[in-house]
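Residue 871, in full-length UniProt numbering, is where the sequence shown stops; the numbers in between run on with no holes.
Backbone N, C-alpha and C define an ideal beta-carbon position, used for all residues, glycine too.
Keep in mind the model is a prediction, meaning the values are calculated, not measured.
Before any comments, here is the structure.
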Amino acid sequence: MVVPTGHFRYKCRHSLQDIKINLKHQHNQKQKKKVKTKKSPRDGANFLSVCFYWWLIDIFRKGRNKQLEKEDIYSVVDGLESEHLGDRLERGWTNELLFAMDTSREPKVTNAIWFAFGASFVILTASLVFVEALYICQGLVLYWYVLSSVSREYLLSLCASSALSILLHHGWNAIAMTVGTQLRVSCHSLLCKKLLKLDANYNRIRDINEKMSQVTEGLVLAEMAIVKAPYILIGPFYALLVLIMLWAYFDRTAVVGVVIMLIVLIPLIVMSRQIASRLLQQCSPAKRERLFLLEEAASGMFQVKQRCLGEVFQNKIECFRKKECAATDACAILHTMVSVIQAHATNIMTLLSVTLYTLSKQIFNEEEAFLILCLLQTLSNPLCTNLPMGFSLLTKLTRTIQVLQELLVMIDCPEQCKYEANNSPSESKVVLIDASAECLSDGPTRLSKISMNVREGQILAVIGPWKSGKTPLLYLLQGEILPSSGVVAVKGRTVFCPHTPWLLPAATVKENIICGKHVNDQRFKLVLEVCGLVRDVQDLPRGDRTVIGTDDGITLTLQQISKINLARTLYHESDIYLLDDPFRWLGRQVSDRIFTRCILKLLKDKTVILVTDKHRHIVKSDLIIALKNGKVEGYGTFSQLVNDIAMLEQASDLTSDDLDTDSDDSDVEEPANSSTNNKFNIVECSYNYCRRYSYYPHPQSPVTKPATKILPYIEVTQPETKPVRVWSQMFPVITQTRNKFVLCLIVLGLISTQVFLTTWDFCFIVGLDSTTNSTWHHWLKTPFNQEDTPLPALWYLSLGAVLVGVIVIYSVARTINKASNTVHDNLVKSFFQAPITLLDQQLLNKLFGCLTQDMRTLDEFLVPSFLNLIQ
Numbered sequence: 001m002v003v004p005t006g007h008f009r010y011k012c013r014h015s016l017q018d019i020k021i022n023l024k025h026q027h028n029q030k031q032k033k034k035v036k037t038k039k040s041p042r043d044g045a046n047f048l049s050v051c052f053y054w055w056l057i058d059i060f061r062k063g064r065n066k067q068l069e070k071e072d073i074y075s076v077v078d079g080l081e082s083e084h085l086g087d088r089l090e091r092g093w094t095n096e097l098l099f100a101m102d103t104s105r106e107p108k109v110t111n112a113i114w115f116a117f118g119a120s121f122v123i124l125t126a127s128l129v130f131v132e133a134l135y136i137c138q139g140l141v142l143y144w145y146v147l148s149s150v151s152r153e154y155l156l157s158l159c160a161s162s163a164l165s166i167l168l169h170h171g172w173n174a175i176a177m178t179v180g181t182q183l184r185v186s187c188h189s190l191l192c193k194k195l196l197k198l199d200a201n202y203n204r205i206r207d208i209n210e211k212m213s214q215v216t217e218g219l220v221l222a223e224m225a226i227v228k229a230p231y232i233l234i235g236p237f238y239a240l241l242v243l244i245m246l247w248a249y250f251d252r253t254a255v256v257g258v259v260i261m262l263i264v265l266i267p268l269i270v271m272s273r274q275i276a277s278r279l280l281q282q283c284s285p286a287k288r289e290r291l292f293l294l295e296e297a298a299s300g301m302f303q304v305k306q307r308c309l310g311e312v313f314q315n316k317i318e319c320f321r322k323k324e325c326a327a328t329d330a331c332a333i334l335h336t337m338v339s340v341i342q343a344h345a346t347n348i349m350t351l352l353s354v355t356l357y358t359l360s361k362q363i364f365n366e367e368e369a370f371l372i373l374c375l376l377q378t379l380s381n382p383l384c385t386n387l388p389m390g391f392s393l394l395t396k397l398t399r400t401i402q403v404l405q406e407l408l409v410m411i412d413c414p415e416q417c418k419y420e421a422n423n424s425p426s427e428s429k430v431v432l433i434d435a436s437a438e439c440l441s442d443g444p445t446r447l448s449k450i451s452m453n454v455r456e457g458q459i460l461a462v463i464g465p466w467k468s469g470k471t472p473l474l475y476l477l478q479g480e481i482l483p484s485s486g487v488v489a490v491k492g493r494t495v496f497c498p499h500t501p502w503l504l505p506a507a508t509v510k511e512n513i514i515c516g517k518h519v520n521d522q523r524f525k526l527v528l529e530v531c532g533l534v535r536d537v538q539d540l541p542r543g544d545r546t547v548i549g550t551d552d553g554i555t556l557t558l559q560q561i562s563k564i565n566l567a568r569t570l571y572h573e574s575d576i577y578l579l580d581d582p583f584r585w586l587g588r589q590v591s592d593r594i595f596t597r598c599i600l601k602l603l604k605d606k607t608v609i610l611v612t613d614k615h616r617h618i619v620k621s622d623l624i625i626a627l628k629n630g631k632v633e634g635y636g637t638f639s640q641l642v643n644d645i646a647m648l649e650q651a652s653d654l655t656s657d658d659l660d661t662d663s664d665d666s667d668v669e670e671p672a673n674s675s676t677n678n679k680f681n682i683v684e685c686s687y688n689y690c691r692r693y694s695y696y697p698h699p700q701s702p703v704t705k706p707a708t709k710i711l712p713y714i715e716v717t718q719p720e721t722k723p724v725r726v727w728s729q730m731f732p733v734i735t736q737t738r739n740k741f742v743l744c745l746i747v748l749g750l751i752s753t754q755v756f757l758t759t760w761d762f763c764f765i766v767g768l769d770s771t772t773n774s775t776w777h778h779w780l781k782t783p784f785n786q787e788d789t790p791l792p793a794l795w796y797l798s799l800g801a802v803l804v805g806v807i808v809i810y811s812v813a814r815t816i817n818k819a820s821n822t823v824h825d826n827l828v829k830s831f832f833q834a835p836i837t838l839l840d841q842q843l844l845n846k847l848f849g850c851l852t853q854d855m856r857t858l859d860e861f862l863v864p865s866f867l868n869l870i871q
């Protein structure tokens, strides 16, 4: 049985005075937050201000004048707090888990979402019925207004219905977007809570990262999915109502156009959107590989420059980009089809209905033509645009929720039954007796029969080559992985310092060190001093309140980030400190100074398990355990293991003192490439090693180019290529991509399409007038079924509009895709060919953001958005 001991002992160590001080600090922090955080202006706004969004005027005015300050950030609107929404969905998920256990079935996240937001979905759908019904009323009022002698009442009713329809429709969209935001925030909150509880012993870390990225990208569509999804239910009801009215006012032949649209056009639009989504999904592996290459290059750009591997990376990225371009070109055809159908759906329905109505020897006047045109135009937006878009967005959101469900059903890390403390000496803090375990998180690593005994106040140095089991041993002691056999006894609370430094995004230095715990100023100043961060913090613009961890914020060196990473661990007082090579990125003098202050002085009464490769630190350790292939090669003091350490140095990556040098008194000096994994330095060997092992150097470290005489047959040139800003230079890139004559033809084609449609409306209404005898009307009224009707001219105009629309819209889509590819190529060239003197980490992060987020927007959303703008 695994029982954690020392938890209550740890609590008892705090005196009553310390508890009072902590409570006082917490109260002061809460008061400061209350004072600093402004109340949302929407909470105090009246009904009219909320309806017309008048409460946003002051914020827009300040933003337009560029006068926004941090003090203008107001608190979250009631009902949108992530904690509240996360708890709301978590309760639904917990109930679903319990119900699934009782009924012996798999739990479904959709049931939990329905439990949390089902009432909101029902209310939104029911209210949309009333909002959309007003559109039909407008057409009827117009028809009655033309036929009635009492025109004033009908005109007032038309104005009232139009104003009410606009007001309700925009208000409904705002409420639906709010519900979508609540759904997205709650899913993100539930996912974050799950990831914190996730078992570390997984062999599919990359798969988990891919699923997380899929969920993050898919939940972005939650707002639009909630807005468009109700049309899936409202659309057929809407079409049925229009069919009844057409049947009542006209013959049954007038409903043929609507029926054909429901049977042929809408399924065709839905199918086209589904195929486009599948094409983009099929090219997602190539996209992930391209982004992975860019991330690797960004993290090790200085090493890539040193080894002249930029061309290798560019060629690989270009290969993956070509696969994406093939998918986007196919999607351009599908987007063209959808756009043409949506633009001409009303004309097609009207022509089919009127043609069959005329062939059945029925005659209708201008008023009836106007009524049928109004009724069919009301179907264009909900059926041809919103309903297919609702199907597409709901399908993507459902797929995202399925991926979220796969993450939620993964095994949690065991919380309570972690360690076994029976049959172990009372004075020992960490005891392992023939403990075996398997770690699958970073490649299969098996620990076999590990035995050791560490007492309070001792330092255990863990040494060994790469993939020897050093980090899995710390995972085992922390409880992230369970032992398969043997005894693991850990008395007291543990705190873990990872070997890869990290920062909280958009947080201050103090928030990064405190990391959500209560504020203890005395402890905070102490860890700043022992970690050598006092001078670094003083040099920052706002001291420990300086925001770091963002692209536009303060750029810290890797040494400073490593110090903050260690300070975060030391701030949390604990009994056992598990340090996974915390001095990896620090220079010799800096690491020695911090080792003396932290390990030998501050933690002298604590138990420290230190993974290191530095001899000067190993010598000062009380105990040493040498691992190789998950087995113990040696265990004891330094004097007992001198020979074993020498053998490990020859066969592994232990570093000696003379290799780890830096200048005197340098707290910000660049560390030497000494690590427990010297394979970070084999980037020059092959491209595959570059993919697997990234190196994170100092942003401003000097890099010398290799001599050209080494490669006499290659002319090494590094042109100064300025980075291309995606949005500001998009249209110049388009003009470079296409000939100006072709662009003029495209513009003329767009104008011609609109002229065709406008002429069509004119012919349909005016062409039915039998009172005029002009040449224009005689040309329109070509004999057709022994009746003078404008149907032939209407068919000619429709066919011309469709053909010109297909050619022009496809040309526009291809032009935009080609322009986005040009932008991507220019960004990649800027990424790899810019002189190294111009590169810093902030610029690399901006370029990487353009190549990831902005390029995704250009590839997936620019073409549909531009085509909708054309309509």
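Closest by C-alpha distance to residue i, when choosing among the options
i, options, result
"residue 542", "531, 532 and 554", "554"
"residue 496", "486, 611, 401 and 589", "611"
"residue 252", "214, 359 and 221", "359"
"residue 430", "609, 407 and 751", "609"
"residue 641", "628, 629 and 623", "623"
"residue 808", "333, 82 and 504", "333"
"residue 478", "520, 345, 300 and 437", "437"
"residue 260", "462, 102, 243 and 170", "243"
"residue 810", "626, 160, 328 and 165", "328"
"residue 196", "158, 408 and 159", "408"
Exposure label - residue i; buried when at least 16 CB within 10 Å
i, result
"residue 258", "buried"
"residue 89", "buried"
"residue 384", "buried"
"residue 587", "buried"
"residue 669", "Any reading at residue 669 is ruled out, since the residue's pLDDT is 39, under 50, leaving its predicted position unreliable."
"residue 621", "buried"
"residue 419", "Unreliable positioning characterises residue 419 in this predicted model, as indicated by a pLDDT of 45, which lies under 50. The coordinate reading is nonetheless provided below. Buried."
"residue 557", "buried"
"residue 264", "exposed"
"residue 167", "exposed"
Within 8 Å, strictly: CB atoms of residue i and residue j
i, j, result
"residue 831", "residue 297", "yes"
"residue 340", "residue 273", "no"
"residue 471", "residue 580", "yes"
"residue 753", "residue 823", "no"
"residue 218", "residue 395", "no"
"residue 597", "residue 530", "yes"
"residue 506", "residue 547", "yes"
"residue 603", "residue 577", "yes"
"residue 488", "residue 476", "yes"
"residue 38", "residue 75", "yes"
"residue 281", "residue 403", "no"
"residue 392", "residue 493", "no"
Chain-order list of residues whose beta-carbon lies under 7 Å from that of residue i (same chain, five-residue window excluded)
i, result
"residue 323", "283 and 286"
"residue 595", "583 and 617"
"residue 422", "Confidence is the limiting factor: at residue 422 the pLDDT is only 45, short of 50, which leaves the residue's position unreliable, though a coordinate-based value still follows. Hits under 7 Å: none found."
Contact set for residue i: own chain, Cβ-Cβ below 6 Å, skip 5 residues either direction
i, result
"residue 591", "583"
"residue 92", "112, 115 and 116"
"residue 686", "Low confidence applies here, because residue 686 scores a pLDDT of 30, under 50, leaving its location unreliable and the question unanswered by this model."
"residue 435", "450, 483, 486 and 488"
Below-8 Å beta-carbon distance, residue i vs any chain B residue
i, result
"residue 579", "Of the protein chains in the structure, only one exists, and it is not chain B."
Close-in-space but distant-in-sequence residues of the same chain around residue i (CB under 8 Å, 5 per side omitted)
i, result
"residue 696", "Confidence is the limiting factor: at residue 696 the pLDDT is only 31, short of 50, which leaves the residue's position unreliable, though a coordinate-based value still follows. Result list for residue 696: 299, 300, 558 and 585, in chain order."
Cβ contact check for the segment 232-252 and the segment 311-325: 3 or more pairs under 8 Å: Result no; under three Cβ-Cβ pairs closer than 8 Å.
Cβ pair count under 8 Å reaching 3, the segment 559-572 against the segment 475-490: Verdict: no, contact absent.
Inter-stretch contact (C-beta, 8 Å, three-pair minimum) for the segment 221-229 and the segment 180-200: yes
The segment 521-530 contacting the segment 564-576, beta-carbon criterion three pairs below 8 Å: yes
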